[in-house]
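In what follows, a single structure is set out as C-alpha cells and then discussed.
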Amino acid sequence: MHDTIKMKAEGVDFFYGPRQALKNINLDICEKHVTAIIGPSGCGKSTFIRLLNRMNELVPNASLKGRILLDGEDIFEESVDAVEIRRRVGMVFQKPNPFPKSIFENVSYGLHVNGVKDKKLIEKRVIASLEKAALWGDIKDRLHESALKLSGGQQQRLCIARCLAVEPEVILFDEPCASLDPISTGKIEELILELKKYYTIVIVTHNMQQAARISDHTAFFLLGELIEMGETQGIFTAPRDKRTEDYITGRFG
Amino acid sequence: MKTKDITQKIGFAALFTCMLVTLFFLGAIIFFIAARGIKVISWEFLTQIPRGGMTQGGVAPAIAGTLYITLGSIAVSLPLGLACAIYLCEYSPKGIFVNIIRMSINNLAGVPSVVFGLFGLAVFVKFFGFGVSILSGSLTLGILALPVVISATQEALTAVPHSLREASLALGATKWETIKKIVLPTALPGILTGIILSIGRVAGETAPILFTAATFYTRRYPDSVFSEVMALPYHIYALMTEGTHPEEQTAIAYGCALILLVLVLAVSGAAIFIRQKQRIQNA
Amino acid sequence: MARIKEKAYEWIFTALAFSSLIFLVGIIIVLFKEGFPIFKAVKAGDFLFGRAWYPTYEPPEFGIFPLVLASFWVTLGALFVCVPLGVGSALYLHEMTSFRQRSVLKPMVEILASIPSVVYGFFGMMIVAPVLQDLLHIPTGLCAFSASLVLGIMAAPTVCSIAEDALSYVPKSFREASFAVGANRWQTLTKVVIPAAGSGISTAIILGMSRAVGETMTVLMVAGGAAVIPKSIFDPVRPMTSAIAAEMGEAPMGSMHYHSLFAIALILFLITFAFNIAAELISRRFRIKLGHSG
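Chains as they are written, first to last, in our numbering: chain R, 1 to 253; chain D, 254 to 536; chain F, 537 to 830.
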C-alpha cells in the first residue's frame with residue numbers, strides 16, 4: 001500500500017516493571033484509514049494503543065524500548081512535550097467519562113486548556129464538534145444542562161465531540177462500544193466511518209465483526225506480540241497465520 | 254432453650270445496654286446544658302457586651318472572638334491542608350517521603366491540645382512577638398486543625414474517578430490544569446465538609462487559646478488581629494474559676510455552654526451527614 | 537515554559553506538604569528547648585520520680601510523680617468506662633443494626649464525639665460532681681473518680697467509631713463460614729469476628745487512651761486540682777495536663793517553673809506519641825492480615 005503512514009511503531013518492547021507486556025511490535029498506521037487491533041483479553045492491545053498518546057506514562061514502573069513515530073518523529077523523545085502529543089492524538093475510552101459539567105463545558109474544556117480564549121471561536125468549534133459527532137440534533141437546546149443526564153450512547157458521542165474540538169490528527173478508540181447497547185454501537189460505528197474522512201483512526205476491539213465492518217486494516221495481537229497485520233478483507237478471509245485463523249474462527253477467545 | 258441461645262440473649266442485651274448508656278449520658282449532657290442554658294438566652298445575651306463585672310449583659314464579644322479565631326484558623330489550615338492532600342493524592346509519590354508525611358499527619362492529630370497551646374505560646378506569642386492575640390491563636394489552632402482538613406480533603410480527592418483525570422490528560426491538559434479544572438471542582442463538596450468539620454473542632458477548643466489568644470476581662474470587641482479576645486469556651490472556664498459572683502456567673506456559663514454546644518453540634522452534624530451521603534453515593 | 541510552570545507547581549505542593557512534618561518537628565524542638573533548662577535545677581530522676589510538686593514555694597520543688605500518677609489513674613479509670621461503652625456500642629452497631637439504622641446511629645455517635653471538652657468539664661463539675669458527692673458520701677465530688685467517669689464518657693464515642701470501622705473490615709466470609717458449622721450469631725461474634733478485629737479494636741482503645749491522657753479542660757474542671765499523690769480514688773488529683781493549664785498563667789517567663797511545665801508537656805507529648813505509633817503499627821498489621829492494602 002502506498003498510502004501515507006501517519007504513525008509507526010518500530011521495535012517496541014514495553015515492560016510493567018519486570019513483566020514484558022509487548023514484544024517487538026512493528027506496525028504502520030495509515031493516514032485517514034481505520035486500523036483495528038484485535039486479540040483475546042490480556043494480549044496487550046490496550047497497552048499498545050495507550051503508547052500512541054503517551055498515556056502509559058501515568059503508570060509507575062513502566063518502561064519502553066523502541067520508537068513510536070508520529071509523522072516520522074519519535075513521540076517519546078526528550079524534547080517532545082507529552083501534552084502536545086495528546087492534543088494531536090486524541091483518545092476515546094471504554095466507559096464514557098464526561099466531566100460533571102454541562103455539555104457545552106465538556107466540549108469546550110479541551111479548547112480552554114489549549115489556550116483558546118476567543119469566546120466566539122469556542123462556541124463555533126463546540127457546535128461544529130457536536131455536529132461532527134452526530135450529537136447536535138439531540139442536544140442543541142440542552143447545551144447547558146449536565147452531561148451526566150445523557151444516555152450512555154449519547155455520553156460516548158459527547159466524549160467523541162470533546163475529543164474532536166481540539167482538532168486532533170489521530171483518534172484512538174479503546175473499545176468504545178464495550179459498555180453500549182447495539183443501537184448506540186451502530187451509531188458510533190457509522191460515526192467512525194464518517195470520521196475517517198478527516199482523521200486517522202485506531203480502534204481496539206474484541207468484537208471481530210465490528211473490526212470486519214468498519215476497519216481498513218487489522219492487526220492481530222496475542223500474548224504481547226503482533227502476530228499478523230494486513231488489509232481487513234485479507235485477514236478475515238485468508239489469514240496467513242494459524243493462530244489468527246483460530247482466533248477468528250472462535251477456537252479461542 | 255440451649256445454653257448457647259441463653260448466652261446469646263444475655264450477650265446481645267448487654268451490647269444494647271452499652272449503646273443505650275452511651276447515648277443516655279451524651280443525651281443527658283445536651284439536655285442539662287440546654288435546659289439550664291436556655292433560661293439565660295435572650296437577644297440581649299447574644300448581642301450585648303458584658304456589664305457589671307461579668308455578671309450582666311451579654312457575651313457578644315466572646316461569640317465574636319470565637320468567630321474570629323475560627324476564621325483565622327481556617328485561613329491557615331485550608332491552604333496548607335489542601336496543598337498537602339493534593340500532594341499526597343495527585344502527585345502520589347511512592348516511597349519514603351509519603352510515609353514520613355503520613356506519619357507526621359497522624360501524629361500531629363494525636364498531639365494533646367495543651368501542647369499546641371504551649372507551642373503557640375513559645376513560638377507565636379514570644380518568639381515572633383505577636384503577643385496574646387487573634388493572630389497567635391489562629392496560627393496555633395490552624396496547625397491543630399490541619400490533620401482534620403487533610404483527612405477530609407484526601408477522602409474527597411480519592412473519590413474523584415480516575416477516568417475523569419484520564420479524559421482530561423488525553424485532551425492535552427497538564428497535570429496541574431487537570432487538578433485545577435476537573436479534580437478540585439468535583440471534590441469541592443468533600444473539601445467543604447472538611448472545612449466545616451474543622452470549624453466545629455476549632456470553635457470548641459480551649460487549651461490552645463488559653464495562653465495564646467484568650468482573655469476574660471476585655472469586654473470589648475477586638476480592634477485588630479493583634480488584640481486579645483474573649484472566646485466562648487474560655488469564657489465558660491473563666492466564669493467558673495475566676496468569677497467572683499458564682500450565682501449569676503454560673504447561669505451565664507450555662508448560656509455560653511448552650512451557644513457553644515448548638516454551634517458545634519450544628520456544624521459537625523451538617524458536615525457529618527453530608528459526608529455520610531457522599532460516602533453512600535460513592536460506594 | 538509550560539513545563540517549568542508544571543514543575544514549579546509540583547515543587548510548591550511538595551514544600552507545603554512537608555509543613556505537617558515541620559510543625560511536628562517544631563513542636564518537639566520547642567518542647568525540648570523550653571523544657572530542658574529545668575534539668576539544670578533538678579536532676580532528671582528527682583524530676584520524674586520526686587513526690588513533691590511545689591513549684592511556687594521558696595525553695596521550689598519539682599517532683600512530678602504525683603502529676604504523672606494522677607494522669608495514670610484518671611486514664612485507667614476512664615478506660616474502665618470507655619472500653620465497655622465504646623466497644624460494646626461498636627459491637628451493637630455492627631451486629632444488631634440494619635444498614636439503614638447504622639447509617640443514622642453511626643453519624644450520631646460521631647457528632648457526639650465532637651462535643652467540646654470544656655462542655656464535658658462544665659457538665660462534670662456542675663452535675664456529675666455534686667451528684668456523686670451526695671450519692672457516695674465523699675468529701676468532694678471533684679476527684680479522680682468523677683474525672684475518670686466524665687473522661688470515659690468523652691472517649692467512648694471515639695472508641696466506638698474506630699472499633700466499628702475495624703469490625704466492618706472483617707470479611708463476610710468469616711461469618712458465613714462460622715454459620716455454616718452451626719454457630720449462632722453470638723458465638724460467631726465472640727469467637728470469630730472479635731478475634732479477627734482484635735488489632736483494630738486494640739487500636740481503637742489505644743487511641744481512646746491517648747485522647748484521655750491528653751485531655752485538659754475536663755480534668756482541669758473535674759479532677760480537683762490537688763497536686764499530691766492520691767490515697768484513694770476519691771481524692772482530688774492534678775493530672776499533667778491540668779498542671780500545665782492551671783499553672784502556666786502564673787509562671788513567670790523563663791523561670792524554672794515555666795521550664796518545668798514545658799518539661800511536663802514534653803513527657804506528655806512523648807507518651808501520646810508512643811501511643812500513636814503503637815496504634816499505627818498495630819493497625820497496619822491488622823489491615824495486612826485481613827488482606828486490605830495498608
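C-beta atoms are modelled at their ideal positions from N, C-alpha and C, and glycine is treated no differently.
Remember, predicted model here, so these are calculated numbers, not experimental data.
Bounds of the beta strand (DSSP E) holding R:Cys30 are 19-30.
The beta carbons of D:Leu511 and D:Ala287 sit about 6 Å from each other, so the pair counts as a contact at 8 Å. Secondary structure of D:Tyr490 (DSSP, three-state): helix. Within the segment 592-659 of chain F, the complete alpha helix (DSSP H) runs of at least 4 residues fall at 601-632, 635-648, 653-659. Taking the CA atoms as reference points, D:Leu492 sits about 25 Å from F:Leu603.
Secondary structure at R:Val34: strand, using DSSP grouped into helix, strand and coil. Per DSSP, the continuous beta strand (DSSP E) segment holding R:Thr218 begins and ends at 217-222. Think of a sphere of 8 Å around the beta carbon of D:Lys530: no beta carbon from chain R falls inside it, the nearest being about 16 Å out. DSSP places R:Val89 in the strand class (E or B) of the three-state scheme. A Cβ-Cβ contact shorter than 8 Å links F:Leu687 with F:Val610. Only residues of its own chain outside the window of five on either side were considered, and among them Cys618, Val619, Gly622, Val623, Ala740, Ile741, Gly744 have a CB closer than 7 Å to the CB of F:Val695, listed in chain order. For D:Ser416, the chain R residues whose C-beta falls within less than 8 Å of its own C-beta are Phe93, Lys95, Asn97, listed in chain order. Here D:Asn352 is exposed: its Cβ has fewer than 16 other Cβ atoms, across all protein chains shown, within 10 Å.
Residue environment for D:Asp476: exposed (fewer than 16 other C-beta atoms within 10 angstroms of its C-beta). In chain order, Ser735, Gly736 place their CB closer than 6 Å to the CB of F:Phe822, counting only its own chain and leaving out the 5 sequence neighbours on each side. Counting C-beta pairs closer than 8 Å gives three or more between the segment 751-769 of chain F and the segment 781-791 of chain F, which meets the contact rule. In this structure, the CA atom of F:Val561 is about 29 Å from the CA atom of F:Glu542. Between R:Ile49 and R:Leu172 a beta carbon distance of about 5 Å is seen, short of the 8 Å cut, so the two are scored as contacting. Under a criterion of Cβ atoms nearer than 8 Å, the residues of chain D adjacent to R:Glu84 are, in order, Gly425.
In the three-state scheme derived from DSSP, where H, G and I count as helix and E and B as strand, D:Met483 is classed as coil. Going by C-alpha positions, R:Leu58 is about 16 Å away from R:Ile75. Close to chain F, meaning a Cβ-Cβ distance shorter than 7 Å, is no residue of the segment 466-477 of chain D at all.
For the options R:Gly17, R:Glu31, R:Arg19, R:Lys8, the alpha carbon positioned closest to that of R:Thr200 is the one of R:Glu31.
Of the candidates D:Thr270, D:Leu335, D:Ile448, the residue whose Cα lies closest to the Cα of F:Ser556 is D:Leu335. Chain-ordered, the chain D residues with CB closer than 8 Å to the CB of F:Phe798 read Leu371, Ala375. Excluding its 5 nearest sequence neighbours in each direction, D:Leu422 has C-beta neighbours in its own chain below 8 Å: Lys428, Thr431, listed in chain order. At least one C-beta of chain D is nearer than 8 Å to the C-beta of R:Asn53.
Under a 10 Å Cβ-count criterion, D:Gly508 is classified as buried, with 16 or more other Cβ atoms of the shown protein chains found around its own Cβ. Using a Cβ distance threshold of 8 Å, D:Phe372 and F:Ile563 count as a contacting pair. Cβ contact annotation for F:Thr676 (same chain, cutoff 7 Å, sequence separation greater than five): Gln669, Gly760, Pro772, in chain order. Distance from the CA of D:Lys379 to the CA of R:Val80, rounded to the nearest whole angstrom, comes to 53 Å. Close partners of D:Gly522 in chain F (Cβ separation under 7 Å): Ile647. None of the residues of the segment 190-216 of chain R has a beta carbon lying less than 8 Å from any beta carbon of chain D. Nearest neighbour of D:Val455 by Cα position, chosen from D:Phe469, D:Phe369, D:Ala267, D:Gln531, turns out to be D:Phe369. In the three-state DSSP reduction, R:Lys196 falls in the coil class, being neither helix nor strand. Between R:Lys196 and R:Val34, the gap from beta carbon to beta carbon is short of 8 Å.
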